[in-house]
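If you want it as structure tokens, here you go:
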């Protein structure tokens, strides 16, 4: 569902969406500062529109003014590159980086002015120099600011979506940066100063990233899925076929999948809370919090949110699959056959009834809690809570969710783990495998709650260090809703 | 669920929520600038509270100071209009526009000062002049700024919800505007400069719009629903009644609806991706991207997000309806009757079993993908991703969703499309109708992926034009996560 | 799912997440202003990282520079406290409040400088003075600004999540405040001026609150749940056991719960709209809107959003529970038994079929509407709509939801309310109880829509007062998407 501006007024400022709109052309302010734009591509046009809509005067430098003029709002003055540069103190360079050299002629007239490089590389550039740095070499007398490359022409046209759109800037001249920042703000964007031009390479590489922090969690979820699916296939489909020649391959699309998702969801959820426990144990063992965690633990800790959401997705799919079960024709047929073969003996098995009622209700509660956690991790919701509320949700509620889903699995298993008949090919039932990690995580958490351990941990997290044998916290350590807790949640 | 501030501290700043709160009255800053307010209505009161809470000194001009004083926080000085205007350089005019004339007496003392017009019309005003423009005529020596009319008194009182609340401003004097913008920022709002006072009419009309960008998509969804419902009613309810006298009207509330929603969802989803294909073909045919799309295509392109969400809603309702089916008494009775009439022949039909298992699982996957797309189009989520991630979700995942839901429909249909018995009244089954557009969209997309076509399209989107027969992109076209792709997603 | 930055670039700026990242060390700007930090705790370190990443030069004052240096990014100059204070005009005080006294030695060199107190109390401090006020007493020649305590070290490290992160500030010196505000903005945060230092106590207490606005609604929902569960247990489980000795305790985990949730959801939903009706009636009775509502009504009005969300949660759980019903073994067994006992008489009961089909479809529609309301109350969505759209959703759609869910309950009840056999222990069926409040709310709303009443109410809400017997609105009352409506939604 391609996102676009909810506020038609501003969108109408864009030509793409035009066909209507006095705002297409709000006369720009004669007193307003002039901004120059070199280049007449899509980005230049969107930028010009936004600038005009924000009350700036715009001078566009084109190598072919006549041709280009038609493409710009009539308030924008489309002239030669030299003229445009002459009019403005702040000039956007919106030409392909490979063509920056074509601007050499403008060097003298650009001296002492601010150049904003909005370009992106075609691919990730690891070793630099960045386009912006090359531009700065080209125009040593001008102060180059990198920015706007993380904003798409589309976003520029429709305007800041909800006033929280960030523009990352960097540059070596403070004054140049602040003038660009002011411009950003007048357009309704939120500028963020990223420091010196040396950061420009990172800023240029930003638009090329594709969910980097999702890779690890997604991969691990996929592997878990593959493993458990194969395992279930072996136990539930292949085994009856091999041993009894019973063909139940029709189970593969739904039943086997639905036996896999809960296992994946439970294990992934336990992976959300294990690193916190590891971190705490590590701190206890080291007797300080001032040594960095090992790298793998760091990455694990920072992947918890994504792991949690993966776990939630699996749980949700498990819920849907389970609800779908009774609508399958196979279930329908099974029922008919059963009712046909039915002898006079009583069909009602009380234990079975209780088991199902209990594990179903535990499952529903667990799913409800997971949904709360998922909603709470939406950016706008997470922003509205303070640290204490956040850790209450993610830590307290999170552990409740882990506990209840473990309970759900235990109730589902009932006494089957001890029934040899369940060990097809000598393989333990899936739920038994899935229970290992969650139980470890829960026991670990319990151990940390033991008074002595908890006290010691509390001290360490307030800055106490065994090595220094001081009982009180370091005076130069502020007690604050702190980072230390981040490894704790 | 009437929305209100999550942050009670600030909310307590409001009287409505009062009953508590030292913040009800934070002594205001003697050194702070004075802001004047003309008018003592709700808006004035909320404004006064917010200004005081932001450390401003407030002078309220009332025609009846004694009476009004009680309504304002005690820090606000409630005096005569003349006095209030005398104290402040920046004056909010919060009286009914029809009563602006009553302020004529203040003309001399308002000269050279900044007037902020916060008024709204009672209805949409198409031809102007706007209230602000009329106010500017009334006070030629003052510089009028339009703004704050898009903010409700309630929002003012509870404060900016999450720091991303925009205030649209316009005015002819730059200095006046920037002083108002600074004031906005100190209150925690995000000011957006909309240019000259000529934009004020649009800003005044903003609060009157009611989901303008939802009209078209919602209408089209409704029409599709009406059509398919009628069609299904004809085939599944009326036909058996007319031909066999079999009364199955009980199907109308659920079964017929549940046969309608999937069709609507699928067609609407295809409508999300068709315009992109059209746009691409148009660009290929024209051999350039620099000609504007026809108006209908523009509007279609900008409605894609809403169409997608409509499609998701229908899909979600379809899911719920389908899950509800087995809990209906009718299903229950049917089953009992079937089990009663059951003869000795085998009830198990393998093809049926496979068909259902397959289309159900395809359906679940499709719904999962649609849910992802829906979540990704939440403002706060969409803001957190860069262009590449955004187009990955909306384009790649989107087409996957379209493909899988088409597959779901095909599997549901199985071989029925070729079974004459299915053609009640010679009408083809619903799923066959619903499949037309999606298949077109998918084939169109496939065609665009053909190497030669894709290359050509890529060139065009980098600025190449057949007319100019140049093989390389225009140097004055920046390669940027660009608008061109917007028509592509 | 512990939340963390979506933007790895900035996160890499943090050590916790480090292990990668040129941004770990962006050379800081020689021309940039110097910011001092006293204290070397987690918060100081995160703050230093963020400041360096935002292009500031940082001087950290430690009582043990050698030891601490390792903990800070290499751009940050870690020196003695005295030296650090000497270098900077703006100094963050990030030491435990109980150790503020240890800074006394710095008094002379801190004179005339801006001190930012970032500390929090260990617990809620009701009567003051706040840490900041005590710090101000300690350093009378410095101007103290309170702030940053609502931001966690973690948030500082990962940077502003989506550019809408607020930092609440207060202080007595305007210039000091604005310099701190500018610093906030350069870091990408949204500063909010909360007035004089007297507000610091509230700001310090903020991080200690735990969902204050959820207490009342959650409590009321829980009580309703307890009551209705007990009521259902009595009627559906205990009664058959006592009277007929029939043990149906297996109903407790699911069936009884599922009979409870709808009742709770419906009553809670009616509680969302009752206060609006009360408010309107009160205004009609008083003949003015300028008298404050009684306290209980105020609190009720401000809890509506939370009540609504509670109602939605109950409705969602009710939906899941109902969908789960047919998958229970008990349902399975019941069906088999039924099909076994089945005599030749016809099983099909038309009334039953229609009843179920109708109440199910009404239920689905009601749930769909409630979901819309829930989504619309997400901060980021609520921010994107204007007042008219907001009140359309929350008022118009809200009443539709209330009406349809009442209908759902009525259809579910069918004629049972008049069937004496349903009155176990002479207790009326649950749905009858649950219907009382919703019906009241709906009738109240209807009454308010009566032309005469509506006209009068409209007048009052535009500022008319019976006492003054004026027919037209007060001229000094701006017609604006106003607060008055807030009590109306």
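Chains as they are written, first to last, in the numbering used here: chain A, 71 to 559; chain B, 71 to 559; chain C, 71 to 559.
Don't be surprised by glycine CBs; every beta carbon is placed ideally from N, CA and C.
(message) Whole angstroms are fine: how far does the CA of residue 324 of chain A sit from the CA of residue 360 of chain B?
(response) 50 Å
(message) Helix, strand or coil, according to DSSP, for residue 184 of chain C in the structure here?
(response) strand
(message) Just verifying my parser: in three-state terms, what is the DSSP assignment at residue 132 of chain C?
(response) strand
(message) Could you check whether residue 389 of chain C and residue 437 of chain C sit closer than 8 Å to each other, using their CB atoms as the reference points?
(response) yes
(request) Go ahead and pull the three-state DSSP assignment for residue 162 of chain B. (result) strand
(request) Measure the beta-carbon distance from residue 205 of chain B to residue 163 of chain B and round it to whole angstroms, keeping in mind my assumption that it falls under 8 Å. (result) 7 Å
(request) Can you tell me which of B:428, B:188, B:175 and B:168 puts its alpha carbon nearest to the alpha carbon of residue 150 of chain B? (result) B:175
(request) Rank C:407, C:393, C:534 and C:274 by C-alpha distance to the C-alpha of residue 203 of chain C and give the top, closest one. (result) C:274
(request) Give the secondary structure of residue 222 of chain C by DSSP, where H, G and I count as helix, E and B as strand, and everything else as coil. (result) coil
(message) Is the separation between the beta-carbon of residue 340 of chain A and that of residue 511 of chain A shorter than 8 Å?
(response) yes
(message) Quick check on the DSSP output: what are the complete alpha helix (DSSP H) runs of length 4 or more inside the segment 329-417 of chain C, in order along the chain?
(response) 365-372, 374-394 and 399-411
(message) Give the list of continuous alpha helix (DSSP H) stretches no shorter than 4 residues that lie fully inside the segment 248-291 of chain A.
(response) 270-275
(message) Can you list, in chain order, the residues of its chain with a C-beta nearer than 6 Å to that of residue 178 of chain C? Leave out the 5 residues immediately preceding and following it.
(response) none
(request) Output the boundary residues of the alpha helix (DSSP H) element that contains residue 500 of chain C. (result) 500-519
(request) Count the other CB atoms, across all protein chains shown, that sit within 10 Å of the CB of residue 528 of chain B; report buried if there are 16 or more and exposed otherwise. (result) exposed
(message) At the level of alpha carbons, what is the spacing between residue 526 of chain C and residue 110 of chain B?
(response) 21 Å
(message) Within 8 Å of any Cβ in chain A, is that where the Cβ of residue 316 of chain C sits?
(response) no
(request) Could you list which residues in chain C have their beta carbon closer than 9 Å to that of residue 387 of chain B, in chain order? (result) 434, 435 and 438
(request) Mind checking which residues open and close the beta strand (DSSP E) that includes residue 236 of chain A? (result) 236-241
(request) To the nearest angstrom, report how far apart residue 334 of chain A and residue 294 of chain A are at their CA atoms. (result) 6 Å
(request) Classify residue 319 of chain B as helix, strand or coil using the three-state DSSP reduction. (result) helix
(message) Taking the beta strand (DSSP E) that residue 106 of chain C belongs to, which residues open and close that run?
(response) 104-108
(request) For the segment 256-278 of chain B, enumerate the residues whose C-beta is nearer than 9 Å to any C-beta of chain A, in chain order. (result) 259, 260, 261, 262, 263, 264, 265, 266, 268, 269, 271, 272, 273, 275 and 276
(request) Examine chain A for any beta-carbon lying closer than 8 Å to the beta-carbon of residue 418 of chain B, and answer yes or no. (result) yes
(request) To the nearest angstrom, report how far apart residue 254 of chain A and residue 161 of chain A are at their CA atoms. (result) 14 Å
(request) Verify the CB distance criterion: does residue 394 of chain B have a CB-CB separation below 8 Å to chain C? (result) yes
(message) Using C-beta distances below 7 Å, list every residue in its chain close to residue 317 of chain C, excluding the 5 sequence neighbours before and after it, in chain order.
(response) 311
(message) Along the chain, where does the beta strand (DSSP E) containing residue 455 of chain B start, and where does it finish?
(response) Unbroken run through residue 455 of chain B: none, as it is neither H nor E.
(request) Measure from the C-beta of residue 182 of chain B to each C-beta in chain A and report whether the shortest distance is under 8 Å. (result) no
(request) Check each candidate in A:228, A:304, A:242 and A:210 and name the one with the smallest Cα separation from residue 14 of chain A. (result) Shown here, chain A extends from 71 to 559; a query on residue 14 of chain A therefore has no answer.
(message) Under DSSP, the beta strand (DSSP E) around residue 624 of chain A begins and ends at which residues?
(response) Only positions 71 to 559 of chain A appear in this structure, which leaves residue 624 of chain A out of reach.
(message) Going by DSSP in three states, residue 532 of chain C sits in which element: helix, strand or coil?
(response) coil
(request) Could you please give me the residues that DSSP links to residue 177 of chain C through a beta bridge? (result) Paired residues: none, contrary to the question.
(request) Mark residue 241 of chain B as exposed unless 16 or more other C-beta atoms lie within 10 angstroms of its C-beta, in which case mark it buried. (result) buried
(request) For the segment 245-253 of chain B and the segment 256-275 of chain C, state whether three or more C-beta atom pairs, one from each stretch, are separated by less than 8 Å. (result) no
(message) Could you check whether the segment 438-451 of chain A touches the segment 299-308 of chain A, counting it as contact only if at least three pairs of C-beta atoms, one from each stretch, sit closer than 8 Å?
(response) no
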